[in-house]
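Read through the structure below, which is laid out as structure tokens, and then see the notes.
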Amino acid sequence: MRPLTNIYVFACACTFTLWNNIQPTVENEFIANYSSSLLTNVPKTLPVHTHVLDLSHNRISGLSISEFIYLSELQVLNLSHNLITELDFSVFIFNEDLEYLDLSHNSILKIYCTTLAYLRHLDLSFNKFTALPICQEFRNMFCLEYLGLSATMIRRSDFRYIINLQLYTVFLTLEDFSLYEPQSLTALNTRSLHIVFAAIQNFSFSLLYDGMTTSENLKIVNLRYNLSYKDFPSPSLTLLKKIKTTALMLDTVDLQWTIILQVFLLIWYSPVEHLTVRNLTFRKSLGELTEYEFLPVLSSLEQLISSGGSMKTLTLEHVRNKVYYFNQEILYRQFSEMNIANLTIYDAYMPHMLCPSRTSLFQYLNFSHNALTDELFQNCGTLTDLQLLILQRNKFESLSKVSFMTSRMKSLKYLDMSSNLLHHDGADVQCQWAESLTELDLSSNQLTDAVFECLPANTQKLNLQNNQITSVPKGMAELKSLTELNLASNRLADLPGCSGFMSLELLNIKMKSILTPSADFFQSCPRVRELQAGNNPFKCSCELQDFIHLERRSGGKL
């Protein structure tokens, strides 16, 4: 009987576990969460007052009106990531409060339409439609703000029923794409357009060109083109007069360098003010383009960039360069001479950047996650407008050289040097910081107590978290303006005094080795209003009790 008993116990345990997995998370009577519950049908015991219903990530293949007819207060319905193949909108005819309907990531091939007048958000993206699923009933959905669609082909006539709708966002997923009729997207009336193209097909650049004449905000994912650059459909100059886009994002871009140049020239001449390119790979053209043929193209680009345009912000993230036959310093020169206010080059394996040859317009530079060293911007006097400089996760070593790098940046207010290899050798090494610098992040480096001999005199916020500091030297130069100091995750054994920073208001000493804080701290630091001292191995003692009593008698000041 023991084996049968074991089987029975095992079966009960499995049943109990399965039942727990399919129980909804009910935050209150209005929200029911059945996500990832292995459901094959809509539950029949839903609370009648349900406002929000999440049925995503299940195995539901069909819907019926009887499943929703009694949910008259339903406002939000998520049916994404299921197995639905056909959709009849009349299923929701009695859900007159329904505003948000997500049917993305199913296998829907066909829909039967009914006007859902109050719907604001409808997502049919990532399905199996051949043509865009836009019915004539959509023309009366005047509340609609977000519309997600999918198709393998697009014709201009597909949008005829929604040309009068004032949409905020249109999201198109174009997997296994086969046909695009030029000018189709221009029939849309939307502020934002987001297109996810087929991941392994050559991109249809008419989508980019038409998209830029359609919406203010444009995002396109998966721009690949493996054909010869000689076959590339270059944009016409007349296109420039029609462009509406001011914010453009291109994600997962894998193009030949010459094609990237042509696209960039179009964007630079256009009204685009903010350009973001993520996951960019540029490689050699299939044509036999030599360096001597390539240099004139770069020269024309340099003249264009130095002439200025509408662009204010350029962001490049996760860049991989597959072109090795030209001097990369030429490329650095193009970036350094840009007449824009904000430049980000993140995770590009960039080992160097040149100092602009003339006074630069840069106000914000972010070169995080690269391979930059102490030689960056040494003796550079043209970054006089720069206010924020972010250089985290690079290969800087000398704090003194970093200080001299900033010395001629007359407007610099914020500097982030976190997660580098910085150290400071002591009093024999001089430092010279920008006088305007008020916020400095030196966290996650290799700094010791000597760092207090090399700090900007006017800094107000200083982050020294996660270094090798054991104490704050009493003879250090006074930082009269310092109000916030972060010394968490160092090696201090006691609270630091404030003889060097009498204006201090916030001190963070979390995660240290402090056993017994000294009550003298409050006399030394009379202006401190917030002390963060968690995760210390405090030892219960009279001194610790005195410390706590002083805090309680502060009248709420601390």
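Counting in the working numbering, the sequence shown runs from -18 upward without gaps.
Every residue, glycine too, gets a C-beta built ideally from N, C-alpha and C.
In this chain, the beta strand (DSSP E) harbouring Tyr81 covers Tyr81 to Asp83.
Straight-line measurement puts the Cα of Phe482 at about 25 Å from the Cα of Met386. Excluding the 5 residues flanking it on each side, Tyr142 has same chain C-beta neighbours closer than 6 Å at Ile115, Gln117, Phe119 and Arg120, in chain order.
Looking only at Leu418, Leu353 and Asp235, the smallest Cα-Cα distance to Met331 is reached by Leu353. Cβ-Cβ distances below 6 Å link Asn59 to Asp35, Ser37 and Asp83 in the same chain, with the five nearest sequence neighbours on each side left out; the list follows chain order.
Counting C-beta pairs with one atom in each stretch, the region 307 to 322 and the region 335 to 347 have three or more that are closer than 8 Å, which means they touch. Only buried fits Glu434, as 16 or more other CB atoms lie within 10 angstroms of its CB. Counted as a single uninterrupted DSSP element, the beta strand (DSSP E) harbouring Val258 occupies residues His255 to Arg264.
Closest in alpha carbon position to Glu67, among Ser291, Lys109, Ser251 and Gln56, is Lys109.
Scanning its chain for C-beta atoms nearer than 7 Å, with the 5 sequence neighbours on each side dropped, one finds around Leu418 the residues Thr387, Leu393, Lys394, Leu396, Pro437, Asn439 and Thr440, in chain order. For Met134, the three-state secondary structure derived from DSSP is strand. His405 is a Cβ neighbour of Ser381, given a cutoff of 9 Å. With distances taken between CA atoms, Lys211 lies nearest to Gln237 out of Gln237, Leu295, Gln427 and Arg264. For the 9 Å CB-CB criterion, Glu48 and Thr31 do not form a contact. Put simply, of Gln309, Asn323 and Val304 the residue whose alpha carbon is nearest the alpha carbon of Leu297 is Asn323. Looking at the DSSP output, Ile201 sits in a beta bridge with Ile176 and Leu231.
According to the DSSP assignment, Asp35 belongs to the beta strand (DSSP E) that extends over Val33 to Asp35. A direct Cα-Cα distance of roughly 6 Å separates Asp104 from Ser85. Judged by DSSP secondary structure, Ile371 falls within the beta strand (DSSP E) whose first and last residues are Leu369 to Ile371.
Where Thr325 is concerned, there is no enclosing alpha helix (DSSP H), although the beta strand (DSSP E) around it starts and stops at Asn323 to Tyr327. Of all alpha-carbon atoms in Leu169, Gln411, Asp69 and Leu204, the one lying nearest the alpha-carbon of Gly192 is that of Leu169. The DSSP assignment places 465 to 467 and 487 to 489 as complete runs of the beta strand (DSSP E) inside the region 458 to 492, in order along the chain (cut-off: 3 residues).
Per DSSP, the continuous alpha helix (DSSP H) segment holding Ile311 begins and ends at Gln309 to Ser317.
The C-beta distance from Ile65 to Leu44 rounds to 7 Å, short enough to fall under 8 Å.
Going by DSSP, Val300 is part of the beta strand (DSSP E) stretching over Thr294 to Lys303. Nearest to Thr133 by alpha-carbon distance, out of Lys265, Arg508 and Ala180, is Ala180. Here Ala98 is exposed. Its C-beta has fewer than 16 other C-beta atoms within 10 Å. In this structure, Glu416 sits near Lys391, with a CB-CB distance shorter than 9 Å. For Gly43, the secondary structure class from DSSP, reduced to helix, strand or coil, is coil. Sequence-distant Cβ neighbours of His350 in its own chain, meaning closer than 6 Å and more than five residues away, are Tyr327, Asp328 and Arg374. Residue state for Glu434 is assigned as helix, using DSSP reduced to three classes.
For Ile248, no beta strand (DSSP E) encloses it; the enclosing alpha helix (DSSP H) starts and ends at Trp238 to Tyr250. Distance check between Asn207 and each of Leu247, Gln182, Leu487 and Asn471 places Gln182 closest, using alpha-carbon atoms only.
In terms of CA proximity to Met457, Pro477 leads the group Pro477, Asn471 and Glu465. Between the C-alpha atoms of Glu10 and Pro28 there is a straight-line separation of about 7 Å. Where Thr387 is concerned, the enclosing alpha helix (DSSP H) starts and stops at Leu380 to Thr387.
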